[in-house]
Amino acid sequence: MPRMMTDFVKYFKATCIRITAGGRRPATEARYPPHLWNQFDVARSSEPRTINAEAWHNCFQNIACKKHPSVYKLIHYLKNEQSDADRMIQDLDLGQRVKEAQERKYKT
1 MPRMMTDFVK YFKATCIRIT AGGRRPATEA RYPPHLWNQF DVARSSEPRT INAEAWHNCF
61 QNIACKKHPS VYKLIHYLKN EQSDADRMIQ DLDLGQRVKE AQERKYKT
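Numbering-wise, the sequence shown is residues 1 to 108 according to full-length UniProt numbering.
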């Protein structure tokens with residue numbers, strides 16, 4: 001391993017894997033344990049690996065009808081988005097299915 005990577009590897013092990021004990025101190029949990037960031041099982045099961053931030057952003061711009069809405073309009077749109085997300089979470093907690101966006105079909 002290149003010498004300049006040593007500090008990074010130590011940091012990664014301490015922050016993302018496990019902080020090893022030194023001397024009589026017990027080992028402590030990592031700040032970001034592997035189950036939070038490891039995508040190995042997700043990739044093998046063909047589940048989506050990320051939230052689709054770009055798609056959300058494009059959709060949000062379409063709702064706002066502007067690329068740069070005023071601060072007050074932005075707050076209004078964000079509140080609406082939050083209430084929609086809260087409603088979806090409530091539906092999921094009640095065991096209901098959340099409606100998925102329909103795919104658009106374009107005529108060619």
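Just so it is clear, CB atoms sit at the ideal spot from N, CA and C, and this is done for glycine as well.
Residue i (DSSP reduced to helix, strand or coil)
i   : result
E47 : coil
M5  : helix
V98 : coil
Limits of the alpha helix (DSSP H) - the one that residue i falls within
i   : result
P34 : P34 to W37
S83 : V71 to D93
H68 : First-last for H68: undefined, no H or E at that position.
Bridge-paired residues (DSSP) for residue i
i   : result
R18 : E29
CB contact flag (residue i, residue j, <8 Å)
i   : j   : result
T6  : Y32 : no
F60 : Y77 : yes
Integer-rounded CB distance, given that residue j should sit under 8 Å from residue i
i   : j   : result
A30 : R18 : 5 Å
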